[in-house]
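Undergrad: Have a look at the structure that comes next, please.
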Amino acid sequence: MRLLIVNPNSTASMTEAIGASARAVAGPGTEVVAVNPVGGPASIESDDDERRCLPGLLDEVFKAAASAQAPDAVVIACFGDPGLERVRAAVDVPVLGIAQAAMHAAALGAGSFSVVTSMSSTVPTAWSLAKTYTPSQCLGVYACDIPVLVLDSDPGTIEPVGDLCEKALAQDGSRAIVLGCAAMAPFAAPLGARLGVPVVDGVVAATLLAEALVTMRRVNG
Numbered sequence: 005m006r007l008l009i010v011n012p013n014s015t016a017s018m019t020e021a022i023g024a025s026a027r028a029v030a031g032p033g034t035e036v037v038a039v040n041p042v043g044g045p046a047s048i049e050s051d052d053d054e055r056r057c058l059p060g061l062l063d064e065v066f067k068a069a070a071s072a073q074a075p076d077a078v079v080i081a082c083f084g085d086p087g088l089e090r091v092r093a094a095v096d097v098p099v100l101g102i103a104q105a106a107m108h109a110a111a112l113g114a115g116s117f118s119v120v121t122s123m124s125s126t127v128p129t130a131w132s133l134a135k136t137y138t139p140s141q142c143l144g145v146y147a148c149d150i151p152v153l154v155l156d157s158d159p160g161t162i163e164p165v166g167d168l169c170e171k172a173l174a175q176d177g178s179r180a181i182v183l184g185c186a187a188m189a190p191f192a193a194p195l196g197a198r199l200g201v202p203v204v205d206g207v208v209a210a211t212l213l214a215e216a217l218v219t220m221r222r223v224n225g
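Residue 225, in my numbering, is where the sequence shown stops; the numbers in between run on with no holes.
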């Protein structure tokens with residue numbers, strides 16, 4: 005099974021971390037290929053960034069789909085799920101966004117959840133996606149206001165992110181946390197141990213769900 009993970013921003017260090025998170029949970033028969041566009045925004049923190057990332061995102065998907073080793077599934081590794089429906093319409097394999105995967109996983113596994121994301125500018129999009137994907141299970145969306153590239157480069161940011169997670173759980177009475185940024189992927193396991201509730205990272209959720217969907221397709225012929 006070949007899984008293509010596209011980080012729609014152009015920061016290679018984030019792509020490497022995203023790929024490592026996916027490989028850590030992928031089955032032994034799954035090849036994870038993590039890529040990012042060369043151009044476009046270095047991070048995605050607004051609606052404008054999402055629009056500007058689309059040409060590069062689509063180009064990476066189309067190149068992979070046309071290659072001799074086309075992917076069996078595609079993951080869009082940005083919590084705004086940019087271009088999700090356009091990519092689904094263009095390729096005949098399962099396509100997952102990390103927000104949709106994480107929210108459904110949290111809703112199924114815990115019943116209710118709160119989202120902790122990066123910048124305040126992304127909160128409206130996260131709320132909109134939550135109302136679309138899981139109409140009643142998301143109880144709150146909170147921003148740590150730490151830029152994506154700082155989350156990616158500074159492991160110490162896990163402390164204020166964890167503090168905000170604690171606040172969200174106490175305020176909402178939710179039963180899980182969804183991390184609303186791909187750069188937070190390495191934080192999931194240590195935060196889960198700290199908080200004592202499921203902490204769902206969209207990269208991990210999308211990887212496991214993609215494997216399941218590909219397997220279902222193969223079983224059903």
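We treat Cβ as the ideally placed atom computed from N, Cα and C, and that holds for glycine. Predicted model only: the values in this text are computed from it and were never measured.
What residue from P159, M5, C57 and I22 has the CA that sits closest to I102's CA?
TA: I22
Undergrad: Nearest by alpha-carbon distance to A239: which of G43, D167 and G184 is it?
TA: This structure does not reach residue 239, given that the chain is present from 5 up to 225, and the question cannot be answered.
Undergrad: With respect to the beta strand (DSSP E) encompassing T121, which residues constitute its N-terminal and C-terminal limits?
TA: F117 to T121
Undergrad: With a threshold of 16 other CB atoms inside 10 Å of the CB of D158, please say whether the residue is buried or exposed.
TA: exposed
Undergrad: Here's a check: name, in chain order, each residue in its chain whose Cβ is nearer than 8 Å to the Cβ of P139, leaving out the five neighbours to either side.
TA: Same-chain partners within the cutoff: there are none.
Undergrad: Select from V95, D205, S124 and V91 the residue whose C-alpha is nearest the C-alpha of E49.
TA: Minimum Cα distance to E49 is reached at S124.
Undergrad: If I'm right that P45 touches E64 with Cβ under 8 Å, what's the distance once you round it to whole angstroms?
TA: That pair is no contact at about 14 Å.
Undergrad: Could you check whether the region 77-92 touches the region 150-164, counting it as contact only if at least three pairs of C-beta atoms, one from each stretch, sit closer than 8 Å?
TA: Per the Cβ contact rule, the region 77-92 is not in contact with the region 150-164 (fewer than 3 Cβ pairs under 8 Å).
Undergrad: What are the complete alpha helix (DSSP H) segments, minimum 4 residues, inside the region 173-206?
TA: 192-199
Undergrad: Taking 9 Å as the cut-off, decide whether the C-beta atoms of V120 and I162 are in contact.
TA: No.
Undergrad: Could you tell me how far apart the beta carbons of A70 and V95 are, in whole angstroms, since I believe they sit closer than 8 Å?
TA: With 8 Å as the limit, A70 and V95 do not qualify as a contact, their Cβ atoms being about 10 Å apart.
Undergrad: So the beta strand (DSSP E) V145 belongs to, where does it begin and stop?
TA: Boundaries of the beta strand (DSSP E) harbouring V145: C142 to A147, taken from the DSSP string.
Undergrad: Looking at V10 and V39, is the spacing between their C-beta atoms short of 9 Å?
TA: It is a contact, given that the beta carbons lie within the stated cut-off.
Undergrad: Whose CA, out of S47, L133, A105 and T136, lies closest to the CA of A16?
TA: S47
Undergrad: From the DSSP output, read off the bridge partner residues of R6.
TA: E35
Undergrad: M5 and G43: beta carbons closer than 9 Å?
TA: M5 places its beta carbon 9 Å or farther from that of G43.
Undergrad: Between the alpha carbons of V79 and G177, how many angstroms are there, rounded?
TA: 30 Å
Undergrad: Hey, C148 and P164: beta-carbon distance below 9 Å or not?
TA: yes
Undergrad: Helix, strand or coil for I162? Go by DSSP, reduced to three states.
TA: helix
Undergrad: List the residues that DSSP assigns as beta-bridge partners of I80.
TA: V10 and G101
Undergrad: CA-CA distance, D167 and L61?
TA: 33 Å
Undergrad: Can you tell me where the alpha helix (DSSP H) with T126 in it begins and where it stops?
TA: Counting along the chain, T126 sits inside no alpha helix (DSSP H), nor does DSSP assign it H or E at all.
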